[in-house]
Amino acid sequence: MINIVGNNKTYKIKNNKIPVLKNIHISIDKPGLYIFTGESGSGKSTLLNCLSGIDQWDEQETNNVKGNCSFIFQDYHLFPHMTAYENVKFAMEINHKKQMNQIDSVFNELQIQDVKEHEPNQLSGGQQQRVAIARAILIDKPYILADEPTGNLDEKNALDIAHYLKEVSKNKVVIVATHDLSLFIPLADEVYKLEHGEIIDHQVISHKQSKNIEVGDKDEERLNFNHILRFSSKGYKTKYSRLVILLLTLLLSFLTTLTAINILTNDIFEIKERQMIKHQISDVEFVKYGNNLSSGLMYSITGDEIQSLVNKYNIDNYILFTDQISPQITYNNQTIDVHISRIYRTSHVTKNTILGVRDISYGEVIITQELASELVDELNINNVNELINLNIAINEIQLKIVDIFVQQSYIDGQDNVSTEASHIDALKHSIYMNESTYFLVSHATRRDYINVNINEFNNNIRITDLNQSFFQALAFGTLDVDNDEVVIDYHTALSLSDDMSQLIGTDITLDINQYTFNINDPIGHEYRTYTIRGIFQTNNEDIPWLFSEDEFNLLSYNFGMNNYQSNALNGIVVDDISKQLLKEFDSNQITDYTYISQSINITNAYIDSVALLISILGVILFVISILITLSYVNNSIIAMKNEIGILRSLNISLKDIMKIFVTEVTLISITTVIIVSIIHVFIIQIINHFLQSLDLISFNYLYYNYLSVIIIFFVPLSISLVFVKVITNKLNKLNSIELIRYS
Ligand code: ADP
Ligand code: MG
Numbered sequence: 008m009i010n011i012v013g014n015n016k017t018y019k020i021k022n023n024k025i026p027v028l029k030n031i032h033i034s035i036d037k038p039g040l041y042i043f044t045g046e047s048g049s050g051k052s053t054l055l056n057c058l059s060g061i062d063q064w065d066e067q068e069t070n071n072v073k074g075n076c077s078f079i080f081q082d083y084h085l086f087p088h089m090t091a092y093e094n095v096k097f098a099m100e101i102n103h104k105k106q107m108n109q110i111d112s113v114f115n116e117l118q119i120q121d122v123k124e125h126e127p128n129q130l131s132g133g134q135q136q137r138v139a140i141a142r143a144i145l146i147d148k149p150y151i152l153a154d155e156p157t158g159n160l161d162e163k164n165a166l167d168i169a170h171y172l173k174e175v176s177k178n179k180v181v182i183v184a185t186h187d188l189s190l191f192i193p194l195a196d197e198v199y200k201l202e203h204g205e206i207i208d209h210q211v212i213s214h215k216q217s218k219n220i221e222v223g224d225k226d227e228e229r230l231n232f233n234h235i236l237r238f239s240s241k242g243y244k245t246k247y248s249r250l251v252i253l254l255l256t257l258l259l260s261f262l263t264t265l266t267a268i269n270i271l272t273n274d275i276f277e278i279k280e281r282q283m284i285k286h287q288i289s290d291v292e293f294v295k296y297g298n299n300l301s302s303g304l305m306y307s308i309t310g311d312e313i314q315s316l317v318n319k320y321n322i323d324n325y326i327l328f329t330d331q332i333s334p335q336i337t338y339n340n341q342t343i344d345v346h347i348s349r350i351y352r353t354s355h356v357t358k359n360t361i362l363g364v365r366d367i368s369y370g371e372v373i374i375t376q377e378l379a380s381e382l383v384d385e386l387n388i389n390n391v392n393e394l395i396n397l398n399i400a401i402n403e404i405q406l407k408i409v410d411i412f413v414q415q416s417y418i419d420g421q422d423n424v425s426t427e428a429s430h431i432d433a434l435k436h437s438i439y440m441n442e443s444t445y446f447l448v449s450h451a452t453r454r455d456y457i458n459v460n461i462n463e464f465n466n467n468i469r470i471t472d473l474n475q476s477f478f479q480a481l482a483f484g485t486l487d488v489d490n491d492e493v494v495i496d497y498h499t500a501l502s503l504s505d506d507m508s509q510l511i512g513t514d515i516t517l518d519i520n521q522y523t524f525n526i527n528d529p530i531g532h533e534y535r536t537y538t539i540r541g542i543f544q545t546n547n548e549d550i551p552w553l554f555s556e557d558e559f560n561l562l563s564y565n566f567g568m569n570n571y572q573s574n575a576l577n578g579i580v581v582d583d584i585s586k587q588l589l590k591e592f593d594s595n596q597i598t599d600y601t602y603i604s605q606s607i608n609i610t611n612a613y614i615d616s617v618a619l620l621i622s623i624l625g626v627i628l629f630v631i632s633i634l635i636t637l638s639y640v641n642n643s644i645i646a647m648k649n650e651i652g653i654l655r656s657l658n659i660s661l662k663d664i665m666k667i668f669v670t671e672v673t674l675i676s677i678t679t680v681i682i683v684s685i686i687h688v689f690i691i692q693i694i695n696h697f698l699q700s701l702d703l704i705s706f707n708y709l710y711y712n713y714l715s716v717i718i719i720f721f722v723p724l725s726i727s728l729v730f731v732k733v734i735t736n737k738l739n740k741l742n743s744i745e746l747i748r749y750s
């Protein structure tokens, strides 16, 4: 029942409280037709709104009419995106009314059956009013509150409606606010007259009914998924251009962000790994570059990475060699250091040389024209030919220059290599030797230092198994060593005993530190004992200790640390394809594993700077797109304020209304992410192809990155959802009537 005792209603306008309803006493508990009259502005509408609960009294009061009443608005408030029929059907559905066939009979009675498929903007005011009445009647609530229900109808229709409401009032409380006294007074059971917000008169005309209307509190109604989808997709149609802009911005920003994340999270090591898997590579060569050559461009692969590659892919064939080779050349008593960038291994050359040498024998080298010119300059030689037969010492191994290539010959007239300018440049200072000479040279550059403790002192001892070419004469003993024997240097011998001859045949125990690829801390140590077989003559700490070949290999690979002293090792992955490429590149079938590596390195440096740019762009666009999304959500909610008000007046929970926008945002997110994911696959292909066409890379640099897709899906979505919650919470503070009035 309605029982209002001395309630007031004030509106706040610019901090002024304007009283609209004053000291209202109303008690209604029986079915019947109740008429509120009064002049325009007397407060009829406000009173109806407060009674129904779509507006609030100044006094906090529990209102059991709310949820038990249907409201007929003065300006109808139908949902614009639904037909007349759908408007009514929707209201019935949320109120769990199943008898949809009633719609047709009520529509017939109200004479709107012909226009039931029309949307509100295709209906006249009178027709809309009748749809609103049909809606109010069919949701079948104990209270019907109608604000000027006949205000937009002609005389005949108005009379019909008035009688119709009179009929309905036999079982329900029907409250009508009207200034049309002639129409309703004859039908009224009770009449309240308002003036300036006060009830100045109350007449009880007749009451045939005696049974009271009893209602309990009613829970808020729910929207089902269909309704939610309907309302959320409504936005797409009405805000078409806005949606297109939003989608385009999202697409652009997501794509840039994806690419940025992809580049940022791309790890060259992983890329190499993937290549290894793809090409089933088992042959890997790791090259240590000297500092001069690396010049900041080289990608560094750490010892740990090498180890993990070797372990992971069971690589059985890998070697480590230094590329920091500074051969020395002596001429007319002057010795100069020569920088060479590559050593090529080949025993037969097809390129043109000055003397026409084709086969390279053990201990012989052919040098490039560029290297020769440099030597001519530095050694003050008149003619390049004077270099022929000079000795060139690489790691103290004396080799003989037997010939010089004529200029550019190593390119062999192949045009397609011209793009590899930087690569070719690096090759210009090269030296060619056969496999066994190379073995000798590279042997001397293996991990030929071990770190040992002798007499509590920590020493780096140079080790070797080469006893022929370059060692000094012996002071004592013999060079002939077995696996458990050693020839030591003079300096160490001196520190061990004053009488060095006594040392021959005695044992020396080395406490050898064990290093991993990281040389910072030894991971352990091992004692190994050797019988001293000889002592070298020269008092030079850097003279290597001579071990047997087996023992050298063991020490070199288990304890050797020479190659790890550099801060970086450059990893090169060699697959059959690139080997093939190199074969074509050089008809001499020279093994040059640097090719792929350099390509990666250049790309890496190149891409790093581009990556920064793309990342900045990505972040900016990402932020913009989120802002645009939020503005879209905001607009979407504001544009729906009227509908939200109607939904609230239909007693739908705010939580369910929020679901409309959650669904809207989620649908947009899912759509864009699906589109973006597909486009992104192509973009990655395009970028890879582009880089490959520039010869910057020899294989894919970018890969599809699932992480980034997850990021661009969830980050904007969750921000938007929080935003939806914030806005709808704000709306919660408004009365339904305030929301409805917005339109
Ligand atoms: P009626 O329906 O009898 O014509 P209303 O209830 O619409 O009267 O209005 C009563 C008074 O309250 C009027 O003076 C009107 O100006 C004022 N009023 C109505 N709504 C608002 C509002 N939202 N804010 C401020 N004043 C309002
Ligand atoms: Mg009014």
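At position 405 of the sequence shown the residue is numbered 412 (my numbering), and the sequence of numbers has no breaks.
We put the beta carbon where it would ideally sit given N, CA and C, even for glycine.
Cβ-heavy atom distance between residue i and the ligand ADP below 6 Å?
{"i": "Ser59", "result": "no"}
{"i": "Ser751", "result": "One cannot answer for residue 751 here, as it falls past the ends of the chain, which runs 8 to 750."}
{"i": "Ser743", "result": "no"}
{"i": "Val680", "result": "no"}
{"i": "Gly39", "result": "no"}
{"i": "Val630", "result": "no"}
{"i": "Val198", "result": "no"}
{"i": "Ser676", "result": "no"}
{"i": "Val183", "result": "no"}
{"i": "Val617", "result": "no"}
Note the first and the last residue of the continuous alpha helix (DSSP H) segment covering residue i.
{"i": "Arg142", "result": "Gly132 to Leu145"}
{"i": "Tyr497", "result": "Tyr497 to Leu503"}
{"i": "Gly652", "result": "Lys648 to Ser656"}
{"i": "Leu257", "result": "Tyr247 to Thr272"}
{"i": "His203", "result": "Segment: none, His203 is in no alpha helix (DSSP H) and carries neither H nor E."}
{"i": "Leu172", "result": "Glu162 to Val175"}
{"i": "Ala91", "result": "Ala91 to Ile101"}
{"i": "Ile191", "result": "Residue identity check: residue 191 is Phe in the sequence provided, not Ile. Element bounds for Phe191: Leu188 to Phe191."}
Would you say residue i and residue j are within 7 Å of each other, going by their C-beta atoms?
{"i": "Val211", "j": "Glu197", "result": "yes"}
{"i": "Ser656", "j": "Phe78", "result": "yes"}
{"i": "Asp154", "j": "Ser52", "result": "yes"}
{"i": "Ser437", "j": "Tyr351", "result": "yes"}
{"i": "Leu28", "j": "Leu54", "result": "yes"}
{"i": "Asn658", "j": "Glu228", "result": "yes"}
{"i": "Ile35", "j": "Pro149", "result": "no"}
{"i": "Ile119", "j": "Gln134", "result": "yes"}
{"i": "Gly484", "j": "Ile457", "result": "no"}
{"i": "Arg540", "j": "Glu463", "result": "no"}
{"i": "Lys24", "j": "Trp64", "result": "no"}
Could you round the C-beta distance between residue i and residue j to whole angstroms and report it? I think they count as a contact, below 8 Å.
{"i": "Phe766", "j": "Ile627", "result": "Past the boundaries of the shown model lies residue 766; the chain is included only from 8 to 750, so the question cannot be answered."}
{"i": "Ile11", "j": "His32", "result": "6 Å"}
{"i": "Glu371", "j": "Lys407", "result": "5 Å"}
{"i": "Ser676", "j": "Val716", "result": "About 12 Å separates the two Cβ atoms, so there is no contact after all."}
{"i": "Pro156", "j": "Ile140", "result": "6 Å"}
{"i": "Val488", "j": "Leu553", "result": "6 Å"}
Quick check: does the Cβ of residue i come within less than 6 Å of any heavy atom belonging to the ligand MG?
{"i": "Lys16", "result": "no"}
{"i": "Ile732", "result": "Here residue 732 is Lys; the residue named in the question, Ile, does not match the sequence. False, no ligand heavy atom lies under 6 Å from that Cβ."}
{"i": "Ser52", "result": "yes"}
Can you tell me where the beta strand (DSSP E) with residue i in it begins and where it stops?
{"i": "Val409", "result": "Ile404 to Ile411"}
{"i": "Ala153", "result": "Tyr150 to Asp154"}
{"i": "Tyr439", "result": "Ser437 to Met440"}
{"i": "Tyr369", "result": "Taken as a continuous stretch (DSSP letters only), Tyr369 belongs to no beta strand (DSSP E), as it is neither H nor E."}
{"i": "Val72", "result": "Here Val72 belongs to no beta strand (DSSP E), and DSSP marks it neither H nor E."}
Report yes or no: is there a C-beta of chain D within less than 7 Å of the C-beta of residue i?
{"i": "Asn565", "result": "Absence of chain D from the displayed structure is noted, only one protein chain being present."}
(message) Could you check whether the stretch 740-747 touches the stretch 647-660, counting it as contact only if at least three pairs of C-beta atoms, one from each stretch, sit closer than 8 Å?
(response) yes
(request) Determine, using beta-carbon pairs with one atom in the stretch 663-679 and one in the stretch 636-643, whether at least three such pairs fall under 8 Å. (result) yes
(message) I want to know whether the stretch 460-475 touches the stretch 386-400 - three or more CB-CB distances under 8 Å.
(response) no
(message) Pairs of beta-carbons, one from the stretch 160-170 and one from the stretch 186-202, closer than 8 Å: are there three or more?
(response) yes
(request) Check whether the stretch 109-128 touches the stretch 243-260, counting contact only when three or more Cβ pairs, one atom from each stretch, lie closer than 8 Å. (result) no
(message) With three or more C-beta pairs closer than 8 Å as the rule, is the stretch 534-546 touching the stretch 509-518?
(response) yes
(request) Tell me, please, whether the stretch 438-445 touches the stretch 497-508 by the rule of three or more beta-carbon pairs shorter than 8 Å. (result) no
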